[in-house]
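Numbering-wise, our numbering comes out as the position in the sequence shown, counting from 1, plus 64. Working notes for the structure below.
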Amino acid sequence: MNATYKFLTFCAAGLVMLGATGCLKDKAYDNHLENIKVDKNEKVVEVMGPITGGYGQVLNFSHGDTTVLLVTVNLAADQVSSEDIKVTMALDPKVITDYNARNGTSLTPLPGANFNIPTFEMTIPKGSREATLKGKIINTSFLETGKYGIGLKIASTSAAGVKVSGNYGTQVIELRVKNKYHGLYVAKGVFHHPINGDRPIDEEKELITVEPNSVEANLGDLGASNYKMILKVNETTNKVTITKSGASPEIIYDVYTTSNTYDPATRTFHLKYHYVGGGGPRIIEEDIKFKSAL
């Protein structure tokens with residue numbers, strides 16, 4: 065999944081919610097740069113969010129109820145709404161089935177006893193474009209990373225002439241438990257470029273939960289280009305495997321046999337890896353050290 069992540073700070077553990085919608089991928093839309101373009105005479109209600117990727121929210125670990133933002137809908141039209149528009153969502157397990165097929169995941173619908181959505185109706189106010197739907201996750205401590213999800217679809221709108229999007233009409237919320245590597249880190253190192261020479265790496269990085277022992281991070285200093293990597297820790301040996309994510313090309317790391325380890329005492333990733341581009345490999349050496357919780 066893409067990993068355009070937006071996070072809300074929580075405490076010792078939490079949840080990551082990843083959304084995905086229909087098809088007809090548009091890069092600018094997928095990166096939250098713009099909504100879909102529609103004919104100026106059309107009015108369409110759509111789900112906001114990436115198509116193949118996800119956006120996340122890190123929420124508090126709790127034995128009680130945790131309020132979460134489930135979905136934001138948008139009026140894709142030439143003008144803002146001229147009236148209040150009621151939008152009704154509905155649970156649909158098929159949304160999760162389709163999501164699993166597209167992404168190779170195996171999510172199960174979250175049991176009804178573990179969440180509460182007080183109302184499935186929201187209102188886009190006159191003069192606006194957006195509305196949000198919230199719900200509660202009950203006892204987040206029971207969740208297993210990557211096991212449960214909530215599938216929602218736009219069921220209807222109240223305004224005549226306002227259509228429900230056929231391509232951006234669904235939302236999947238994938239629930240994940242925040243792992244112990246999740247946090248804000250400082251990366252220091254060197255980016256060895258075969259043509260332009262060396263440049264220093266010195267920046268903060270957010271390491272975001274993917275699975276119980278893996279996190280996603282910016283690759284070198286190329287986060288602005290959506291070059292990402294997934295760092296997975298073998299908790300027996302503290303060896304780290306590195307795989308591509310986002311827009312990254314294939315990452316080669318296993319040729320550097322004395323590098324790519326995690327030091328639990330200092331909470332530091334010691335990494336060396338490369339990817340191939342014009343002119344030869346780009347070799348990155350960096351130490352990524354924990355700074356603070358997110």
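Virtual Cβ for every residue (Gly too), placed ideally from N, Cα, C. All of these numbers come straight from a predicted model, not from anything done at the bench.
- Counting the other Cβ atoms within 10 Å of the Cβ of D318 gives fewer than 16, which makes it exposed.
- Exclusion of the five residues before and after Y212 leaves L171, T172, L174 and L239 as the residues of its chain whose Cβ lies within less than 7 Å of its Cβ.
- Counting of Cβ neighbours within 10 angstroms places S220 among the exposed residues, the total staying below 16.
- Taking the Cβ atoms as the reference, G233 lies roughly 6 Å from V111, within the contact range of under 8 Å.
- Just measuring C-alpha positions, the residue of L155, S146 and L271 sitting nearest L358 is L271.
- Burial of S145 is indicated by the presence of at least 16 other C-beta atoms within 10 angstroms of its C-beta.
- According to the DSSP assignment, V159 belongs to the alpha helix (DSSP H) that extends over P157 to N167.
- Using a Cβ-Cβ distance cut-off of 8 Å, the region 245-258 and the region 335-347 are in contact, since at least three pairs of beta carbons, one from each stretch, lie closer than that value.
- In the DSSP annotation of this structure, N260 is not part of any beta strand (DSSP E), being labelled neither H nor E.
- The Cβ neighbour count for S289, taken over all protein chains shown within 10 Å, is under 16; the residue is labelled exposed.
- Going by C-alpha positions, K242 is about 43 Å away from A224.
- Between K252 and D266, the beta carbon gap of about 5 Å places them in contact (Cβ cut-off 8 Å).
- In this chain, the beta strand (DSSP E) harbouring Y326 covers T325 to D327.
- Comparing alpha carbon positions, the residue from G168, L139, K217 and I306 closest to G284 is I306.
- Of T169, Y249 and N282, the smallest CA-CA separation from V236 is found for T169.
- Annotated three-state conformation of N178 is helix, per DSSP.
- The Cβ-Cβ distance between L248 and S356 falls below 8 Å.
- Taking the C-beta atoms as reference points, V226 is found nearer than 8 Å to V109.
- Around the C-beta of K158, fewer than 16 other C-beta atoms lie within 10 Å, and the residue is accordingly described as exposed.
- Under the criterion of beta carbons closer than 8 Å, I202 and N180 qualify as touching, at roughly 6 Å.
- Taking the CA atoms as reference points, L139 sits about 45 Å from D351.
- No residue range can be given for N298, since it is assigned to no beta strand (DSSP E) and is classified by DSSP as neither H nor E.
- In this chain, the beta strand (DSSP E) harbouring M186 covers E185 to I188.
- For N298 against P328, the beta-carbon gap comes to about 12 Å, at or over 8 Å, which does not count as contact.
- The beta carbon of P189 lies closer than 8 Å to those of S145, D148 and A195 in the same chain, with the five residues before and after it left out.
- Excluding its 5 nearest sequence neighbours in each direction, T131 has C-beta neighbours in its own chain below 7 Å: K198 and K200, listed in chain order.
- The Cβ-Cβ distance between T330 and K353 falls below 8 Å.
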